[in-house]
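A short worksheet on the structure shown next.
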Amino acid sequence: MDTVPLFPLSSVLFPGGVMPLRIFEPRYTDMVKLCTREQRGFGICAMEGASEVARHSAPRDVGTLVRIIDFDMLEDGFLGITVQGENRFEVHQRWQADDGLWWGEVTPLDEQGDCEFPDEYDDLKQVLQVVYDRLGEPYASQDRHFDSAAWISARLAELLPFDPATKHALLSEADPVARLAHIQPLVSFDGSGQ
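Okay, so the sequence shown: first residue is 13 according to the numbering used here, each after it adds one.
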């Protein structure tokens with residue numbers, strides 16, 4: 013079991029995905045310093061509470077270990093970092109330190125593996141292509157794998173505006189085709205490309 017700092021968010025990140033983060037709370041600034049100094053990752057989990065800024069919004073029981081791949085000072089003076097997902101994990105025990113930072117004892121989750129993208133979900137592939145065409149950095153420079161069920165289902169779960177509980181359920185699902193089956197009824201297809 014590994015001990016990692018946990019960052020509860022209203023979103024999730026899957027292995028291979030990238031996410032920009034704006035760091036402004038002291039507990040997370042300290043976490044970034046620790047991770048940079050020790051060359052270690054931290055965990056991103058969907059939160060149980062309703063607000064990312066609520067000091068006590070607890071992380072859920074499944075998350076993704078991430079590494080910082082870029083950082084910059086933002087125009088507002090806060091720290092901006094970009095992280096990349098490495099592997100999913102299960103949280104066995106979690107606690108909140110005096111500074112408000114969540115920590116967890118975690119173990120990696122097995123991935124089912126990838127498969128070719130099933131034709132019956134082509135409408136979801138088209139939705140993701142439209143979304144990706146509209147995104148800027150860091151997504152624009154990310155490798156795209158539109159033949160991969162795992163990659164497409166992960167990016168849809170990350171980028172579409174699902175509620176945190178749905179995103180968590182999608183992250184908890186190891187089978188990429190089952191994830192696509194869960195996503196399809198949540199997406200409306202009006203034919204307009206919107």
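Even glycine gets a Cβ: it sits at the ideal position worked out from N, Cα and C.
Please classify residue i: is it buried, with 16 or more other beta-carbons within 10 angstroms of its beta-carbon, or exposed?
i: His107; result: Checking the displayed sequence, the identity of residue 107 turns out to be Trp instead of His. The residue in question, Trp107, is exposed, as its Cβ has fewer than 16 Cβ neighbours within 10 Å.
i: Cys47; result: buried
i: Ile81; result: exposed
i: Arg167; result: buried
i: Phe158; result: exposed
i: Lys179; result: buried
i: Gly53; result: buried
i: Gly28; result: buried
i: Arg72; result: buried
Residue j and residue i - do their beta-carbons sit closer together than 8 Å?
i: Ser23; j: Glu170; result: yes
i: Leu91; j: Ile35; result: yes
i: Leu77; j: Phe101; result: yes
i: Tyr133; j: Leu192; result: yes
Rounded to whole angstroms, what's the CA-CA distance from residue i to residue j? Just pull it up for me.
i: Ala152; j: Pro32; result: 13 Å
i: Gly97; j: Gly75; result: 10 Å
i: Gln138; j: Asp42; result: 40 Å
i: Ala190; j: Asp111; result: 39 Å
i: Ala58; j: Gln196; result: 21 Å
i: Gly116; j: Gln105; result: 6 Å
i: Ser200; j: Ala181; result: 19 Å
i: Ser69; j: His194; result: 26 Å
i: Gln206; j: Phe174; result: For Gln206, the predicted model reports a pLDDT of 43, less than 50, meaning its position is unreliable and no value from the coordinates is stated.
i: Asp131; j: Val142; result: 18 Å
i: Phe26; j: Ser160; result: 14 Å
i: Pro38; j: Val44; result: 10 Å
i: Pro150; j: Thr94; result: 8 Å
i: Trp114; j: Arg79; result: 17 Å
i: Met13; j: Glu87; result: 39 Å
i: Gly148; j: Leu172; result: 15 Å
i: Asp145; j: Met85; result: 26 Å
i: Pro176; j: Val30; result: 18 Å
i: Gln20; j: Glu128; result: The displayed chain sequence assigns Pro, not Gln, to residue 20. One C-alpha to the other measures close to 32 Å.
According to DSSP, is residue i part of a helix, a strand, or is it coil?
i: Ala70; result: coil
i: Cys47; result: helix
i: Met13; result: coil
i: Arg231; result: There is no way to answer for residue 231, as the model of the chain reaches only from 13 to 206.
i: Arg106; result: strand
i: Glu98; result: strand
i: Val24; result: coil
i: Leu182; result: helix
i: Asp42; result: helix
i: Pro173; result: coil
i: Asp159; result: coil
i: Val136; result: The amino acid at residue 136 is misidentified as Val; the sequence shows Leu. Residue state, collapsed to three classes: helix.
i: Leu121; result: coil
i: Pro188; result: helix
i: Pro32; result: strand
- How do the stretch 179-196 and the stretch 118-131 stand: do at least 3 beta-carbon pairs fall below 8 Å, yes or no? The stretch 179-196, when compared against the stretch 118-131, does touch it at the 8 Å Cβ threshold.
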